[in-house]
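Written below as structure tokens is the structure these notes are about.
Numbering (our numbering), first residue to last: 84 to 393.
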């Protein structure tokens, strides 16, 4: 059984049943990663192209490994050395890849909606690996996967998302996903990092970190994008760490078994202390492994693989 769609563009338009299918499939994929030989023939003969217009190490490598574990052929396009630098449009680049045999294009782009644009014009499937400040659906799915594994459920939890909500596609995918399960979602951060209109999504918005953390089951700590600091969105990194950094003392307001997530890469000592990041409460490395499993599940379900066995 696969997904009845050719593209994965965001969690906003996925049903709860589709998310359940992906997470359940990821459980069986997770087992493959622990095998001595991490290879099954499920997607043999399929061609997957990584088309990343933004630098990415973790997400691109995660997709590449996921595809290779399923025996697909993977081609990564180095946009900086491609015909894009000669003026070729996004659509022409993608169409050329498609007629070379690509079955699926995994795409990251700085413009929100770019994967949707391609998905409407290609016969090949498109997976959104992050677009603008819109969505990062596989990161959202791997966060749900990690929460479900640790907490045993996704419903009835209080989840606090803390930090740079304004620029975070991870936050938006998490919000869409968690609300579908009836979780109580709080977002907290400096006023300059909270976009207007968030309440309309159905989340609680606060500028008081302690209020967001009070009784929380899960704290999702977002990376502070230091590269955006020339805009002066908060007075200083030191001040951000003092008022918004997640420390063991801050976590005392949460439930005793609170789970801490972070999409990486971390700024230790800024949005999260090493004491928290390396504690038993954090599942940051589990998120990375789960990310490969979730991406294996997405590729398998979109490309109609025939099984996960040997």
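Glycine residues also receive a C-beta, built at the ideal position from the N, C-alpha and C atoms.
Exercise for the section: Identify whether residue 366 lies in helix, strand or coil by the three-state DSSP scheme. Expected result: Coil at residue 366, not helix or strand.
Exercise for the section: Please report how far the alpha carbon of residue 351 lies from the alpha carbon of residue 200, in whole angstroms. Expected result: 37 angstroms
Handout entry: Other residues of its chain near residue 292: CB distance less than 8 angstroms, five sequence neighbours each side excluded
Key = 245, 271, 326, 327 and 333
Practice task
Thinking residue 366 and residue 142 are a contact (beta carbons under 8 angstroms), I'd like their distance in whole angstroms, please.
Solution key: The pair is not a contact, with the Cβ atoms about 18 angstroms apart (cut-off 8 angstroms).
Exercise for the section: Identify the continuous beta strand (DSSP E) that holds residue 242 and give its terminal residues. Expected result: Its beta strand (DSSP E) spans residues 241-245.
Exercise for the section: Figure out for me which residue from 236, 309 and 335 has the closest Cα to the Cα of residue 295. Expected result: In terms of Cα proximity to residue 295, the closest of 236, 309 and 335 is 335.
Exercise for the section: Give the DSSP-derived three-state secondary structure of residue 289 in the structure shown. Expected result: strand
Problem - Any alpha helix (DSSP H) of 4 or more consecutive residues that is wholly inside the segment 220-270 - result: Taken in chain order, the complete alpha helix (DSSP H) segments of 4 or more residues contained in the segment 220-270 are 220-234 and 252-263.
Exercise for the section: Can you tell me which of the three DSSP states residue 141 falls into? Expected result: helix
Practice task
Give every residue of the same chain whose Cβ lies closer than 8 angstroms to the Cβ of residue 297, excluding the five residues on either side of it in the sequence, and list them in chain order.
Solution key: 336 and 337
Practice task
Note down the Cα distance separating residue 227 from residue 261, rounded to an integer number of angstroms.
Solution key: 8 angstroms
Practice task
Could I get the ranges of all uninterrupted beta strand (DSSP E) runs contained in the segment 89-157, with 3 residues as the minimum, in chain order?
Solution key: 130-135
Exercise for the section: Spell out a yes or no on whether the segment 213-224 and the segment 236-255 are touching, meaning 3 or more CB-CB pairs, one atom from each, closer than 8 angstroms. Expected result: The segment 213-224 makes contact with the segment 236-255, as at least three CB pairs between them are under 8 angstroms.
Practice task
Could you tell me how far apart the beta carbons of residue 133 and residue 154 are, in whole angstroms, since I believe they sit closer than 8 angstroms?
Solution key: The pair is not a contact, with the Cβ atoms about 16 angstroms apart (cut-off 8 angstroms).
Problem - Option in 344, 182 and 323 with minimal Cα separation from residue 243 - result: 344
Practice task
Go through its chain and collect everything with a Cβ distance to residue 124's Cβ below 6 angstroms, but skip five positions before and after it.
Solution key: 154
Problem - Closest residue to residue 235 among 301, 194 and 94 (Cα-Cα distance) - result: Out of 301, 194 and 94, 301 has the C-alpha closest to the C-alpha of residue 235.
Problem - Among 275, 284 and 299, the one whose alpha carbon lies nearest that of residue 290 - result: It is 275.
Handout entry: Beta carbon of residue 39 nearer than 8 angstroms to that of residue 378
Key = Residue numbering for the chain in the displayed model covers 84 to 393; residue 39 lies beyond these limits and cannot be assessed.
Problem - Nearest neighbour of residue 376, chosen from 130, 149 and 94 [CA to CA] - result: For the set 130, 149 and 94, the Cα lying nearest the Cα of residue 376 is the one of 149.
Practice task
List the endpoints of the continuous beta strand (DSSP E) containing residue 206.
Solution key: Residue 206 -> no beta strand (DSSP E), and no H or E assigned at all.
Handout entry: residue 203 classed as buried or exposed, judged by whether at least 16 other C-beta atoms fall within 10 angstroms
Key = exposed
Practice task
To the nearest angstrom, report how far apart residue 140 and residue 357 are at their CA atoms.
Solution key: 22 angstroms
Exercise for the section: Give the straight-line distance between the Cα atoms of residue 363 and residue 373, rounded to the nearest whole angstrom. Expected result: 17 angstroms
Problem - Residue-chain proximity (residue 324, chain B), Cβ-Cβ < 8 angstroms - result: Protein chains in the displayed structure number just one, and chain B is not present.
Exercise for the section: Please state if the CB of residue 307 and the CB of residue 277 are separated by a distance shorter than 8 angstroms. Expected result: no
Exercise for the section: Quickly, what does DSSP pair residue 218 with across the bridge? List them, please. Expected result: 214
Problem - residue 177 classed as buried or exposed, judged by whether at least 16 other C-beta atoms fall within 10 angstroms - result: Classification of residue 177: buried, given that the 10 Å Cβ count is 16 or more.
Exercise for the section: Between the Cα of residue 130 and those of 205, 206, 185 and 190, spot the shortest distance and give me the residue it belongs to. Expected result: 185
Exercise for the section: Would you grab the beta carbon distance between residue 175 and residue 194 for me? Rounded to a whole angstrom, and I think it's under 8 angstroms. Expected result: The Cβ separation is near 16 angstroms, so there is no contact.
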